[in-house]
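Step one of this worksheet: look at the structure below.
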Amino acid sequence: MTFSRRAILPAILVAALALVPILAPFLQVVLIFALMKGIAVLGVTVLLRAGQVSFGHALFFGIAAYAGAFLAASPFDDLVLLVLAGLVTSAVTGLIVGIFVARYRGIFFAMLNLAFSMIFWSILEKFYYLTGGADGLRLPRPTVLGMAFERGAFEDILYYVALGLALLLGWFVIRFLNSPIGQLYQTVKTNETRLEYLGISPRVALIKGYVLSAALCGVGGVLMATAQGIVTPSYAYWVRSGEMVFIAVLGGAGSVAGAFAGSIAYELVRTYAAAFAGDIWQLLLGAFLLVIILFAPGGLVGIYNSVFDRARGAAGSAKRETGVPKKPAEVRS
Amino acid sequence: MTTSPYLLEARDLQIRFGGVVAADGVDLAITEGRNLAIIGPNGAGKTTFLNICTGWIKPSRGRVAFRGRDITRMAPRKICRIGIARAFQHPQLFTEHTAIENMLIAASARSGRQNPFIDMHNLPERGEMMHLLDMVGCADVADRMVVELSEGQRKLIDIAIALALKPALLLMDEPTSGVASAEKFAIMDILVKTLAEAKVTAVFVEHDMGIVENYADEVAVWSGGRVQFKGSPEEVLQHPEVIRDVIGGEVA
Chain B
567 MTFSRRAILP
577 AILVAALALV
587 PILAPFLQVV
597 LIFALMKGIA
607 VLGVTVLLRA
617 GQVSFGHALF
627 FGIAAYAGAF
637 LAASPFDDLV
647 LLVLAGLVTS
657 AVTGLIVGIF
667 VARYRGIFFA
677 MLNLAFSMIF
687 WSILEKFYYL
697 TGGADGLRLP
707 RPTVLGMAFE
717 RGAFEDILYY
727 VALGLALLLG
737 WFVIRFLNSP
747 IGQLYQTVKT
757 NETRLEYLGI
767 SPRVALIKGY
777 VLSAALCGVG
787 GVLMATAQGI
797 VTPSYAYWVR
807 SGEMVFIAVL
817 GGAGSVAGAF
827 AGSIAYELVR
837 TYAAAFAGDI
847 WQLLLGAFLL
857 VIILFAPGGL
867 VGIYNSVFDR
877 ARGAAGSAKR
887 ETGVPKKPAE
897 VRS
Chain V
2 MTTSPYLLEA
12 RDLQIRFGGV
22 VAADGVDLAI
32 TEGRNLAIIG
42 PNGAGKTTFL
52 NICTGWIKPS
62 RGRVAFRGRD
72 ITRMAPRKIC
82 RIGIARAFQH
92 PQLFTEHTAI
102 ENMLIAASAR
112 SGRQNPFIDM
122 HNLPERGEMM
132 HLLDMVGCAD
142 VADRMVVELS
152 EGQRKLIDIA
162 IALALKPALL
172 LMDEPTSGVA
182 SAEKFAIMDI
192 LVKTLAEAKV
202 TAVFVEHDMG
212 IVENYADEVA
222 VWSGGRVQFK
232 GSPEEVLQHP
242 EVIRDVIGGE
252 VA
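Chains B and V supply the protein sequences, listed in that same order.
Position 219 (the first sequence) corresponds to 785 in this note's numbering; numbering is contiguous.
Position 148 (the second sequence) corresponds to 149 in this note's numbering; numbering is contiguous.
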C-alpha cells in the first residue's frame with residue numbers, strides 16, 4: 567500500500583519521459599544523454615552498495631564506446647550489435663580489472679581504478695593511428711535490426727531504446743541486489759569476516775558485482791557514443807569518472823532510482839545553467855552537492871522519501887521521522 | 002579421507018606474535034559428539050586456538066586435521082565449507098540487515114544459489130532460518146535491525162548463523178557472555194539439545210564454570226599457550242592447580 571503510493575510520482579515521471587519526444591521535443595537531447603549517463607551511473611551505484619567507490623569507471627564507459635565505434639566501422643553496423651559489443655567488452659574488461667582491484671578496499675580501490683582508467687585514456691590518446699587520438703572516432707548512424715532510418719526517426723528510436731534499457735536494467739539491478747547473490751555481494755560493505763566464515767570469498771563476491779557495474783557503465787557508454795556519433799578519449803577521462811560518482815551521490819548514493827533522478831537533474835542543471843548562468847554553473851552544482859551531502863545525505867531520492875514520510879505522518883497515524891538523517895546506505899531502490 | 006578416531010586433531014601447534022607465545026605446542030583431540038569446553042586465564046591462547054582451527058591464522062609449526070584431513074593451510078572459507086563453523090566473541094553480523102536477513106544471507110551462502118531473479122526473502126530456507134532464530138530466543142526480533150539489539154541477542158544470532166551452515170563442528174567463543182545471567186542456562190539448554198539433535202559437536206571457550214560444569218562433556222584447561230589438563234568437568238574443576246590458576250577467587 568505505502569509502496570504503491572510511493573511509486574506514483576516515479577510512475578508519472580516515467581510516463582512523462584515516454585511522452586517527451588511527442589510533447590516536449592526540445593528536451594529530448596538533454597534527456598537522452600541523461601538516461602544514457604544514468605545507466606552508467608547505475609554501475610557506480612551497484613559498486614556503492616558494496617561500500618566501494620571507483621574513480622575510474624569511465625574506463626568501462628569508454629572502452630564500450632570504442633568497441634562500438636570499431637564495430638560501427640565494420641559491416642556489422644547495427645544498433646543491437648553495437649550495444650551487445652559494448653556490453654560484452656566492458657563486462658570482460660570488468661572481469662580482468664576486477665580480479666586486480668577486488669583485493670583492495672576504500673581509497674586504494676578507488677585509486678587503483680583511477681590508474682587503470684588513465685592507462686586506457688593514455689592508450690586512446692597515443693595510439694592515434696588506431697583510435698584517432700584526441701580527435702576520436704566517428705560513428706556513422708547504425709541500422710536498427712537491419713533497417714536504416716533518417717536522423718529524426720533514428721533519434722526517436724534511440725531515445726526509446728535508452729528509456730527502455732534504463733527501465734530494464736534498473737529493474738534488473740533491483741532484482742540482483744535483492745537476490746541471494748546480490749545480498750552476499752553487498753555484505754562486502756558490512757562484514758567481510760563473517761562472509762569468509764560463511765564459506766564465501768569476499769573477493770569473488772565483489773568481482774561478481776564489479777562485472778555487473780562495469781557492464782552497466784559499458785551500456786551507457788556505447789549508447790552515448792551512438793547518440794553523439796563520435797567517441798573521444800574524454801569518454802574515459804577521470805573527470806567523467808568523477809562526474810558519475812557525483813551524480814550517484816546527488817541522486818542518492820546506492821539508490822537505483824537515484825542514479826536516474828541524479829542524472830536527469832544534473833543534465834538539466836548543466837544544460838540550462840550553462841545557458842543562463844554562464845560560467846558559474848559548476849559553482850552552482852558544487853554548492854548543490856555540498857548542500858546534499860551536509861543536509862540530505864540520502865540525495866534526491868532521500869529527500870523524496872523523507873518528504874513523503876513526513877506528509878504521510880502529518881496526514882495520519884504513521885510514525886514521524888526520528889530526525890536522524892538517513893545514511894546513504896539506508897536508501898533502498 | 003584417512004580414517005581418524007577424532008573429529009578434530011591438533012598436534013604441536015606453535016605461533017608467536019612478537020614476544021607473545023600464543024600457542025606453544027598445543028595438542029588437542031576432539032571426539033565427535035563430545036562437547037568440549039576450553040577454559041583458562043586471559044591471554045592463554047584460547048581464541049588463538051580457534052583462529053588456527055578455522056584457518057584465520059597459520060601456525061608456524063604443527064598441524065590441524067579435521068576428520069583426518071589436513072586443514073592447517075586452508076583458507077577459512079574452505080574450512081567452513083567442509084564443516085567447521087564459528088561463532089565469535091564479538092558477534093560478526095551484517096550491520097545493515099535485520100536478524101532474519103542475516104540468517105537468510107547465511108542460507109544464501111550455504112545454498113550457493115546464483116540466480117539473480119530469486120528474492121532472498123522468499124528463499125525456501127526461510128522457515129528453517131526462523132526456526133533457528135526461535136531456538137536462540139530471537140524470533141520476536143527477527144525483523145529488527147541487528148544493530149538495535151542487545152549484545153546478548155547479537156551473540157545468539159551469531160551462533161544461529163553458524164548453525165545455519167549445518168556444520169559438523171561448531172566453535173564458539175564465550176557463547177553466553179553478554180547474555181543476561183538469568184537466561185544463560187535456558188539458552189544453553191536449548192542450544193546443547195539442538196546441537197545434539199543436529200549431530201553437531203561443540204567446542205566453546207567459557208569463563209562461567211557453572212556453564213562448563215553443566216554442558217561440557219570434556220574440559221581442556223589452557224595456560225601459557227598450551228593445554229595443561231584435559232578431562233571430564235568433575236576431574237578438571239576439582240584439580241587444585243585449576244582452582245588456583247583458572248577459577249581463582251570464584252570458588253572460595
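No residue lacks a Cβ here, since even glycine has one placed at the ideal position from N, Cα and C.
None of the values given here were measured: they were computed from a predicted structure.
As assigned by DSSP and simplified to three states, the class of residue i
| i | result |
| --- | --- |
| residue 756 of chain B | coil |
| residue 762 of chain B | helix |
| residue 50 of chain V | helix |
| residue 709 of chain B | strand |
| residue 57 of chain V | coil |
| residue 567 of chain B | For residue 567 of chain B, the pLDDT reaches just 44, beneath the cut-off of 50, and the residue's location in the model is therefore unreliable, although a value from the coordinates is still provided. Looking at residue 567 of chain B - three-state DSSP - the assignment turns out to be coil, as it is neither helix nor strand. |
| residue 1 of chain V | In the structure as shown, chain V begins at 2 and stops at 253. Residue 1 of chain V is therefore absent and cannot be evaluated. |
| residue 96 of chain V | coil |
| residue 16 of chain V | strand |
| residue 160 of chain V | helix |
| residue 246 of chain V | helix |
| residue 169 of chain V | coil |
| residue 207 of chain V | coil |
| residue 767 of chain B | coil |
| residue 701 of chain B | helix |
| residue 818 of chain B | helix |
| residue 583 of chain B | helix |
| residue 175 of chain V | coil |
Within chain V, the residues that residue i reaches when beta carbons sit closer than 8 Å
| i | result |
| --- | --- |
| residue 618 of chain B | Simply none; closest approach about 15 Å. |
| residue 750 of chain B | 106, 109, 110 |
Contact list for residue i against chain B, beta-carbon separation under 8 Å
| i | result |
| --- | --- |
| residue 81 of chain V | 762, 763, 764, 765 |
| residue 245 of chain V | Correct list: empty, because the minimum Cβ distance to chain B is about 36 Å. |
8 Å Cβ cutoff, residue i in contact with chain B
| i | result |
| --- | --- |
| residue 73 of chain V | no |
| residue 109 of chain V | yes |
| residue 121 of chain V | yes |
| residue 112 of chain V | yes |
| residue 130 of chain V | no |
| residue 87 of chain V | yes |
| residue 115 of chain V | yes |
| residue 118 of chain V | yes |
Proximity below 8 Å, CB of residue i to CB of residue j
| i | j | result |
| --- | --- | --- |
| residue 207 of chain V | residue 236 of chain V | no |
| residue 788 of chain B | residue 652 of chain B | yes |
| residue 765 of chain B | residue 817 of chain B | no |
| residue 627 of chain B | residue 606 of chain B | yes |
| residue 772 of chain B | residue 751 of chain B | yes |
| residue 683 of chain B | residue 829 of chain B | no |
| residue 179 of chain V | residue 211 of chain V | no |
| residue 810 of chain B | residue 602 of chain B | no |
| residue 233 of chain V | residue 219 of chain V | yes |
| residue 36 of chain V | residue 217 of chain V | yes |
| residue 797 of chain B | residue 631 of chain B | yes |
| residue 645 of chain B | residue 792 of chain B | yes |
| residue 638 of chain B | residue 780 of chain B | no |
| residue 169 of chain V | residue 84 of chain V | yes |
| residue 243 of chain V | residue 28 of chain V | no |
Any chain V beta carbon closer than 8 Å to residue i
| i | result |
| --- | --- |
| residue 665 of chain B | no |
| residue 605 of chain B | no |
| residue 656 of chain B | no |
| residue 747 of chain B | yes |
| residue 671 of chain B | no |
| residue 741 of chain B | yes |
| residue 884 of chain B | Because residue 884 of chain B sits at a pLDDT of 37, beneath the cut-off of 50, its placement in the model cannot be relied upon, and the point is left open. |
| residue 570 of chain B | no |
Distance between beta carbons of residue j and residue i, contact taken as under 8 Å
| i | j | result |
| --- | --- | --- |
| residue 847 of chain B | residue 839 of chain B | 3 Å |
| residue 159 of chain V | residue 92 of chain V | 4 Å |
| residue 746 of chain B | residue 114 of chain V | 5 Å |
| residue 94 of chain V | residue 147 of chain V | 5 Å |
| residue 820 of chain B | residue 611 of chain B | 6 Å |
| residue 71 of chain V | residue 64 of chain V | 6 Å |
| residue 121 of chain V | residue 134 of chain V | The pair is not a contact, with the Cβ atoms about 15 Å apart (cut-off 8 Å). |
| residue 824 of chain B | residue 754 of chain B | Incorrect: roughly 20 Å between the Cβ atoms, too far for contact. |
Where residue i meets chain B, residues with beta-carbon distance less than 9 Å
| i | result |
| --- | --- |
| residue 166 of chain V | 763, 764, 765 |
| residue 124 of chain V | 746 |
7 Å Cβ cut-off: residues of chain B touching residue i
| i | result |
| --- | --- |
| residue 95 of chain V | 753, 756, 757, 760 |
| residue 78 of chain V | 762, 765, 766, 767 |
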